[in-house]
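Encoded as structure tokens, the structure appears first; notes follow it.
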Amino acid sequence: MDIVFDNVCLSYGRGKKRFSALKGVSLNVDQGTIYGLVGPSGSGKTSILSCCLDLQQPDSGSVRIAGQNPGDKHLGIPGPTVGYMPQELSVHAFFNPREILHYYGKIFNVQDLEQRVTTVLELLDLNQNGLDKRQIGFMSGGQKRRVSLACAMVHNPRLLILDEPTVGVDPLLRRAIWTELNVLASSGTTVLITTHYLQEVASASKVGFLRDGRILLEDDPTQLMAQRHETSLEKIFLDLCLDEIPHSSSERLSIESGSAFELEPLSHGSTLASSKEIEPSEERNEPVANPSFRSVLNPLILKNMKILQRHTVLLSFQAILPLLTYLMFLVCIGRPLHGLDLGIVNEESACCPQQRTNLTCLAMSLQMVLRREFTLGEDVSCHVIDNLDPHIFSLKYFKSFEEAKESVVLGQTHGFVRFPSDFSVGLEQRIATLVDTDNTLEDDILSHTRMFVHTDASNVKVFASLRENLLFGLQKFFIQYGESCHLEQLVKTITSPGIAIHSLNPEFRHQDYDLSELMFPGMMTLLLNLLPMALTADQLMTDKEAGLLLRDFVCRVPFSAVIFTQLFCQLVVVMVQLVSSLILVLVLFPTTSIGVLVFAGFLLFLQACCGMAMGVFICSLCSSRDQVIQVGMAVVMPAFIVSGILWPRSTMPEVLQVISAMIPTTFACDIMKNIILNNTIFVNGLWKAILLPTAGSAIFFFGCLFMVSRVGLK
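Just so you know, we're using the UniProt record's numbering here: the sequence shown kicks off at 1 and counts up by one.
Now the structure itself:
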């Protein structure tokens, strides 16, 4: 089939960054010929091929192939009519040559596929020494390019578009490839090839010299060398580049009479003598069976499952990653603090660490307490310190308030406790006053019985733990004393909230709740949304950067089928993650019923589907893995912060509450916590946890298809 470019202009970018890649290109490629495009890097060779494949739309001018526009479904370009080998390898590294050829053969429904695959492998010398069974990732650069060329040839297309196919190929194999290309051309296949090797295109039917987006000259290479009296095309191309050549959008290179040779303008209908003439109408009327959604499902699923099979270690890690994250979360979050460095400033007893005064029961009745005929003994502060849990506190003694305060400022201790000099005496008076309900505590008594706690107020959890455990140590001391003296009323008084430890930071209050229980359901929901998103975006961007999606597009594989099969195969990993999460729910919450567990699994499945669809959409917006990572981080952190896992959403500003309500994970986190902790599915707002991820999945999926239809696979 013939290819005609008529005054084609193509540019990239916008505004000041806009530049012209093609500037009035006109060329003819005749049916059954080999056309070699020669030019330096950046001259526009790949842009010409992109216009032929409907990957780029010209700004002006026209491109006609067999009398039709590229992209016409009856033409089959993109589709089975064309075989394309890009500059990139664009082959799956985890396949071997035979497997990858079988994949593309099934895409095009090639008859006698095994025989055709064997023929192509033999032609390109890919069946020697078990090379056809070796993974492509372990091949040399030249061998990989041969596999890429084989993928373009396996379905025996009528048009071959090859972008530098012989780079890195040894001379003998290069000659064999050109011999086969000539055989294909003689049988009616049109070959459009770009190359840097000028000596190669001497075997072409026609050569076009391209520079700075313009065709300088095109003609039969043998005639060119004869007319110029040169023995190589390199010298001709060099002369053309050095000459002052006038360009316009409608004329070819004109050679003045009297020069060494003369070229006439080429008409669109001209053909080489060796080419086989085929009427355009015959070409247009031939039926073309483009791949359909249903026809490509089986090969796409088999391909993706094989890729999963050969990523066993990585996928196993992905499958158990949620479980590892949950375990780390449960071990690290909400656990009691221990090993806290606590400073002690004991103004009552400087030798407290070295010696103790025996605690004796001198109050034999409650009446003695009321008459204040009892004593707690000396150095009560030391006994209080003895009752502090050594697993929680690591004690450090300081001589002065200033020294202890400096240790907190420098981060050497988490806080310190100061006991006043008359702590024991004042505490006796306070106890007697509390037991006598008719009396009230005087400020003077209070000031002498307080333990002053100083800590870094920025760490609320540490402060709350210090306060709680100091109070527990004090209560433990009084309980031991009261029980040994049979003073039940004293024990009741001391263990009531009446005695509280005074703090310099009264605005901080400790709330006793199990963070692990409250946060785990939400954390599980969020992870089963974000991990599938990351995995899907990474897998799809890997194919995109490697050029695999571009090759599928040229094969006219529906992008919706590519996405559908990608998500379908990712469900294998997602289901393992889901089941492991539900098993952990049973371990942590053994009272959870099977019905609640199944419904929780359904909600988590919706979140995983939404996450995968989001990953596909992110991939359609980005052009590199770095961009995917940046967008992913921009999604993960806000979702974690505003979803209500860390803090109730009701405390957020109204604007953030509205934004939070639109995130698919927000209501699901709340609902998941309620149904697991309450063991029921009848909770308020359940429809939001179902509707939002379902709608999100649809929006992201169709948004991806829209972006690809508008901007392509960039």
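Quick reminder that beta carbons are idealized off the backbone N, C-alpha and C, glycines included.
Scanning the region 44 to 79 for uninterrupted beta strand (DSSP E) segments of 3 residues or longer gives 60 to 65, listed from N- to C-terminal end.
In the DSSP annotation of this structure, the continuous segment of the alpha helix (DSSP H) that includes R175 starts and ends at P171 to S186. Rounded to whole angstroms, the Cβ separation of V554 and V82 is 7 Å, and the two are in contact under 8 Å. Beta-bridge partners assigned by DSSP to Y35: L192 and K206.
Taking C-beta separations shorter than 8 Å and ignoring five residues to either side along the sequence, the partners of E545 in its chain run S624 and R625, following chain order. DSSP places D6 in the uninterrupted beta strand (DSSP E) bounded by I3 to Y12. Relative to L224, the option among R214, G213 and F209 whose CA is nearest is F209. With contacts defined as CB atoms closer than 9 Å, C619 and P693 fail to qualify as a contacting pair. For D386, the enclosing alpha helix (DSSP H) covers residues V380 to D386. By alpha-carbon distance to P291, the top candidate from W178, Y103, L466 and I645 is Y103. DSSP places G703 in the uninterrupted alpha helix (DSSP H) bounded by L686 to V711.
Secondary structure of N679 (DSSP, three-state): coil. In this chain, the alpha helix (DSSP H) harbouring L123 covers L113 to L123. For A93, same chain residues with a beta-carbon under 6 Å away, outside a window of 5 residues either side, are I136 and G137 in chain order. In this structure, V117 keeps its C-beta atom at 9 Å or more from the C-beta atom of R145. If you draw a 10 Å sphere on the C-beta of G44, you find 16 or more other C-beta atoms in it, and that means buried.
Between the alpha carbons of C51 and L89 lies a distance of about 20 Å.
Counting along the chain, no beta strand (DSSP E) covers V587; the unbroken alpha helix (DSSP H) around it starts and ends at F559 to L588. C-alpha of P590 to C-alpha of K396: approximately 43 Å in a straight line. Residue pairing by DSSP puts K396 in a beta bridge opposite G343. Of the residues assessed, F702 falls on the exposed side of the cut-off, its CB having fewer than 16 other CB atoms within 10 angstroms. Note that the region 340 to 347 touches the region 416 to 423; at least 3 beta-carbon pairs, one per stretch, sit closer than 8 Å. Between the C-alpha atoms of L131 and D170 there is a straight-line separation of about 16 Å. DSSP, reduced to helix, strand and coil, places I594 within a helical segment of the structure shown. DSSP, reduced to helix, strand and coil, places N290 outside both helices and strands of the structure shown, so it counts as coil. Residues of the same chain with a CB within less than 7 Å of the CB of V636, apart from the 5 flanking positions on each side, are L530 in chain order. By the neighbour-count definition (other C-beta atoms within 10 Å, threshold 16), N469 is a buried residue. With a 10 Å radius around the Cβ and a threshold of 16 neighbouring Cβ atoms, I333 comes out exposed.
For I215, the uninterrupted beta strand (DSSP E) segment begins and ends at R214 to D219.
When the five nearest sequence neighbours on each side are left out, the beta carbons in the same chain lying within less than 6 Å of the beta carbon of I563 are those of V616, in order along the chain. Here H102 carries a helix assignment [DSSP, helix/strand/coil]. In this structure R467 is buried. Its beta-carbon is surrounded by 16 or more other beta-carbon atoms within 10 angstroms. The beta carbons of V576 and I107 sit no closer together than 9 Å. Assigned with DSSP and collapsed to three states, F94 falls in coil, not helix or strand. Counting along the chain, A21 sits inside the beta strand (DSSP E) bounded by residues F19 to V29. Judged by pairs of C-beta atoms under 8 Å, the region 1 to 14 does not touch the region 149 to 156, as fewer than three such pairs exist.
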